[in-house]
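Reviewing the structure listed below.
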Amino acid sequence: MSSKGKTCEDNSGDLINMLRTCYSAASNGWANFVAVDYYKRSEGGGSFQAVDTLNGKLLCGCDDIHACVAGSTSGARTP
40 MSSKGKTCED NSGDLINMLR TCYSAASNGW ANFVAVDYYK RSEGGGSFQA VDTLNGKLLC
100 GCDDIHACVA GSTSGARTP
């Protein structure tokens, strides 16, 4: 039996950690997509931050897609 509150909790705060776990399990390969079956506002960046992190890793090796932009002053560029 699913609960909206529990689903949001499971798919929000720990999603980035799960992406990193899958990266290790997939012989250092990042996921091609992220599927979230329920989204609700939460503390932190939630699923949107996780997707920004994944896209940053795939595009330029950074922790955030915004750091991949030419001339970015973001401190997130940590390959």
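According to this note's numbering, the sequence shown holds residues 40 to 118 in order. For each residue, glycine too, the CB sits at the ideal point set by N, CA and C. From a predicted model like this one, the values you see are computed outputs, not experimental measurements.
*Alpha-carbon to alpha-carbon, valine 73 and valine 90*: 7 angstroms
*glycine 110 lies in the alpha helix (DSSP H); which residues open and close that run?*
Segment: none, glycine 110 is in no alpha helix (DSSP H) and carries neither H nor E.
*So is leucine 93 buried or exposed if we call it buried at 16+ other beta carbons inside 10 Å?*
buried
*Consider the Cβ of alanine 70: report whether some Cβ of chain B lies at a distance smaller than 8 angstroms.*
No chain B is part of this structure, which consists of one protein chain only.
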